[in-house]
Amino acid sequence: GFKDPVKIITSMPEILGLSFDNIDKKIHHLTNIGFKDPVKIITKSPKILSLSIDNINRKVRYLSESGFEDPLIIIAKSPKILDYTPETIDKKISYFTRHGLMGSLKVVCKMPKILDYSLDSFDKKLKLCRRLNVDGEMFIVHNYTFLTLPIKCYVPILRKCRQMGQEPTPRNVFRIYQNKTY
6 GFKDPVKIIT SMPEILGLSF DNIDKKIHHL TNIGFKDPVK IITKSPKILS LSIDNINRKV
66 RYLSESGFED PLIIIAKSPK ILDYTPETID KKISYFTRHG LMGSLKVVCK MPKILDYSLD
126 SFDKKLKLCR RLNVDGEMFI VHNYTFLTLP IKCYVPILRK CRQMGQEPTP RNVFRIYQNK
186 TY
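Going by this note's numbering, the first residue of the sequence shown is number 6, and it counts up by one from there.
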């Protein structure tokens, strides 16, 4: 069963309009196509319950045909990927490639949540990194947390690195961020 049904209902009130039979069919289908813990996936992204079985199948097939290493694992890591159209995913991967993120498909496979970020936000962070003379792509490839940081944290964290005489490597930046010493 669902551990926190209130949270799921709060995030997607439309779920109250679904029959138990409908929910059971989705869980059963997700299990049949190979998901190990469909309840966990639905808990992360309740919107999956509003998708048709055909839509889910098309998106899994699209990810597979587009070169994603293991679509089921990618979806389990970031179920929100099922919300995106193939065109949106292609656009973001193309954008990442154009902006120097080498092996962008592999990066997305490793960190599918990167697709959750707006291209505008991503662009602002990369531009700031360039202005600060920091390799933003290196951070993204090595540490997804860098993308999750609010842009206002970048300058103080990088300043702290320099004050400590440290290179702004992903490890050093993440340590400063974790310790909240900026």
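Each residue gets a CB set at the ideal place from its N, CA and C atoms; glycine is no exception. Computed from a predicted structure; not experimentally measured.
- When DSSP states are grouped into helix, strand and coil, Glu172 belongs to the coil group.
- Check the Cα spacing between Arg136 and each of Leu35, Leu124 and Ile156: the tightest is with Ile156.
- Taking all protein chains in view, the Cβ of Pro173 is crowded by 16 or more other Cβ atoms within 10 Å, so the residue is classified as buried.
- The Cβ-Cβ distance between Lys31 and Leu54 falls below 8 angstroms.
- Within the same chain, Phe40, Lys41, Asp42, Lys45 and Ile46 come within 8 angstroms of Ala81 by CB-CB distance, once the 5 residues on both sides are set aside.
- With at least 16 other beta carbons inside 10 angstroms of its own, Ser83 counts as buried.
- Per the C-alpha coordinates, the member of Ser24, Cys158 and Asp121 positioned closest to Cys134 is Cys158.
- Of Thr36, His104 and Gln183, the smallest CA-CA separation from Thr153 is found for Gln183.
- Residue environment analysis places Phe127 among the buried positions, since at least 16 neighbouring C-beta atoms fall within 10 angstroms of its C-beta.
- Shown here, Met116 sits in coil according to DSSP, grouped into three states, outside any helix or strand.
- As the crow flies, the alpha-carbon of Phe73 is around 27 angstroms from that of Arg176.
- Segment contact: the region 52 to 66 against the region 17 to 32, three or more CB-CB distances shorter than 8 angstroms; contact assigned.
- Around Ile98, the same chain offers Ser109, Leu110 and Val113 as residues with beta carbons nearer than 8 angstroms, after the five sequence neighbours per side are excluded.
- In the three-state DSSP reduction, Leu124 falls in the helix class (H, G or I).
- Every alpha helix (DSSP H) stretch that sits fully inside the region 44 to 73 and reaches 4 residues is listed by chain position as 58 to 70.
- Excluding the 5 residues flanking it on each side, Tyr187 has same chain C-beta neighbours closer than 6 angstroms at Pro161, Ile162, Lys165 and Ile181, in chain order.
- Shortest Cα-Cα distance from Lys12 to any of Ser50, Thr36, Leu106 and Gly22 involves Ser50.
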